[in-house]
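First to last, the protein sequences are chains A and B. By this note's numbering, the letter at position 34 of the first sequence is numbered 34, and the numbering carries on one by one without gaps. By this note's numbering, the letter at position 128 of the second sequence is numbered 128, and the numbering carries on one by one without gaps. Worksheet: the structure to be examined is printed underneath.
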Amino acid sequence: MTARQRDITLCLLFSGLAALLPLVSDVRYTVTQTTFFFIWATVVVQWNLVFGIGGIFSLAQMALFAIGAYTTAMLGYYFGTSMILAMPIGALLAVLFSVALGLACLKLRGPYVALLTLCVAQVLYLTIVNDTDCFTNPPSGCMPLMGGVRGFSRFGDLGFRELLGSGFYVGRYYVGLAILTVAMIVSIIVIRSPMGLAFQALRDNPVYAAARGMDRFKYQLWIFGLSAFFTGLAGSFYAVNTGAVGPVVFSFSHLLFLLSMIIVGGVGTIWGPIVGALLLMFAEEAMRELGDMRDIGMGLILVVCVVLMPRGIVGLFEDLVRWRTARTAQAVPLPRRETV
Amino acid sequence: MSASISPPLLSCRNVTKQFGSLVAIDDLSFDLPAGEILGIGGPNGAGKTTLFEVISGHNTATSGQILLEGRDVTRCSPVQMCHAGMARVFQLNTGFDSLSVRDNVRVAAYYGRRNRVVPGISMEPAVEEAVDAALRDVGLAGSDDCLTATLPVLDRKLLMLASALVMKPRLLLLDEPVGGLTHKEIDHVAEIVRRVAATGVTVLLIEHVMRFLVQLSTRVLILHHGRKLYEGPAAGLANDRDVVDVYLGKGAGEYVAALTAGDAQHVG
């Protein structure tokens, strides 16, 4: 079994286990919180492709998420588009936007990419919240084109309420799980394919990569486009799931919360983002009652992880495995390189 | 020029590279016919690595032309040069540090030979076989899973060589392939280069280690301040006053003289 087959099998196994949760737990809160976990995990798994595998420090992921969410909400609100259709449209629009952003970032390195992508996200945010002109005037009050500070609500849902009655949230749970599973499998395939190798090679040494036939231009656009699809789709699903979309999706603290998940789990590893998302969401849940102390607690976790495990939880685990195999290999020296 | 005479594999015509007012390469011309091993030497700052940069497309010549089999490639990108059949091995211990040894070679094998318009989901078996062969050729078989960042110097140099060879280049550019190695290790690398050249690959190499340069090169080019100081057989180096004065010095000159004398006996 290749590493890729192993990882996909593991992924399907975990998904199968997660599918059992609504059957064993009838606590609605647990199920809906896990649905949110699916959404954020999808975002960080795809962000990891850009940030961890491609080494491009893009902070645009929440803007892409917002584009998915807003597109879905606006299509539903203004045109009454069915959500089944609006969700993929939102995802595709995020892809287009991301490819354009990838083009703009081509000549930039490191922190400059972070600055530019953050700026673009802020411009989007300010455009939305500063728009006070009424585009339509429904009974509920003035509605700017992109919802203004108020945002959108009641733009439609996936129809689980009619189908499942009071258990509608279970239907959404499975949609979230399906999105995460597919996003994760795509991420595994990309990382463990020639394309993922090219991303990593370009991250490690762009000059050398060019001399081995890898074009930074092409693969940067690939990585921006690929990772945007599921990020946008997660945003679309977020809109449908919460039934409301507002400028809060642009919040900087939330961006940092997601970034922390990747760092705690392990930047550039296959399982790191998901492990980080799981851990930090549990931690947040556990410190729920602490009020403001919660932020301090989250900060402490991040600091401890960065200091003790610079490569994250999964990175540390990988290092341990490598160290163990190296030690066993030393114990039984292999005859190699007779020529020297 | 008549069409029946095939052009040299690589040809530099009046190549000049300026960085502001600094002239790194000054009106340099030379031809490299297929099958040769041309060794480039010269003091630090003579423009050797800059010449490689210009040939491999990482830097564009200020003026002049670079021809690959008669085709003008002066403004080609490194990726295009790579797909045109040129493999450059860098001076420093360059590698994809976070990848394993095998993945370093795989990525070169996959992308280095031809342009991949849409990269596939997995590598063809032929690519994996080429990787096996390249690792075996340089003597790195068995280190497949080692992390590149943790490799010792010789292994890193061999890895660079393997990932260049796996691209099946027609022209191999080696920038100080044995800098910092021991005598025994130098012989190991020399043996590989000799074997590669015997399969018909043309080699252009930069080296300060005279033993390596003199014994391998079919012809030697010494640069100084971006200009050609000497071009000819290695045996003539020690007798050339300029080369001895500018580059070798008296001691090394005698050493090279002894080397070429020994070489002459070997080769006959």
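For every residue, glycine included, the Cβ atom is placed at its ideal position computed from N, Cα and C. For clarity, every value in this text was computed on a predicted model and none was experimentally measured.
When Cβ-Cβ separations below 8 Å define contact, A:V207 makes contact with chain B. Contact note: A:G243 does not reach chain B at a C-beta cutoff of 9 Å; the least C-beta distance is about 38 Å. B:T50 places its beta carbon less than 8 Å from that of B:A24. A:I270 sits in coil when the DSSP states are folded into three classes, being neither helix nor strand. In this model, A:F38 and A:L21 are separated by some 13 Å (Cα to Cα).
Between A:Y70 and B:L165, the alpha-carbon positions lie close to 51 Å from each other. With respect to the C-alpha of A:A326, the residue from B:D145, B:G47 and B:A149 having the closest C-alpha is B:D145.
Not a single CB atom of chain B sits nearer than 8 Å to the CB of A:R6.
For a Cβ distance threshold of 9 Å, nothing in chain B lies close to A:S187: the least Cβ distance comes to about 13 Å.
According to DSSP, B:E231 shares a beta bridge with B:L221. With a minimum length of 4 residues, the unbroken runs of alpha helix (DSSP H) contained wholly in the segment 26-98 of chain B fall at 48-56 and 78-83. When only Cα atoms are considered, A:G225 and B:T62 end up about 36 Å apart.
Under a 10 Å Cβ-count criterion, B:R102 is classified as buried, with 16 or more other Cβ atoms of the shown protein chains found around its own Cβ.
Among the CB atoms of chain B, none fall inside 8 Å of the CB of A:M309. Under DSSP, B:V23 takes part in a beta bridge, and its partners are B:Q18. Between A:G272 and A:G315, the C-beta spacing is below 8 Å. A direct Cα-to-Cα measurement between B:V220 and B:Q91 gives close to 19 Å. Under a criterion of Cβ atoms nearer than 7 Å, the residues of chain B adjacent to A:Q200 are, in order, F96, S98 and L99. Using a CB distance cut-off of 8 Å, A:R109 does not count as an interface residue toward chain B. In this chain, A:T72 is not harboured by any beta strand (DSSP E); it is covered by the alpha helix (DSSP H) spanning Q61 to F79. B:G200 and B:L174 have their C-alpha atoms spaced approximately 16 Å apart. Residue pairing of A:A244 in beta bridges, as defined by DSSP: A:S153.
Judged by DSSP secondary structure, A:V113 falls within the alpha helix (DSSP H) whose first and last residues are P111 to V129. Leaving aside the five residues that flank A:R28 on each side, the residues in its chain whose CB is nearer than 7 Å to its CB run, in chain order, Y169.
DSSP places B:S100 in the strand class (E or B) of the three-state scheme. For A:M143, the pairing in a beta bridge is given by DSSP as A:T136. B:R102 is outside the set of residues whose beta carbon lies under 8 Å from a beta carbon in chain A.
Neighbourhood of B:G112 in chain A, by CB distance below 9 Å: A211, R212, G213 and M214, in chain order.
The Cβ neighbour count for B:H183, taken over all protein chains shown within 10 Å, is under 16; the residue is labelled exposed. Taking 8 Å as the threshold, the shortest C-beta distance from A:L101 to chain B does not fall below it. For a cut-off of 8 Å, the C-beta gap from A:A104 to A:M62 is around 17 Å, too long to register as a contact. Using a Cβ distance threshold of 8 Å, A:V321 and A:P247 do not count as a contacting pair. Contact between A:L23 and A:L118 is ruled out by a C-beta separation of about 42 Å, above the 8 Å threshold.
Taking A:G16 as reference, the option from A:L180, A:L158, A:M309 and A:E318 with the minimal CA-CA separation is A:L180. Nearest C-alpha to B:R88 among B:R227, B:A261, B:A234 and B:T202: B:T202. At a cut-off of 8 Å, the C-beta of B:R106 has a neighbouring C-beta in chain A.
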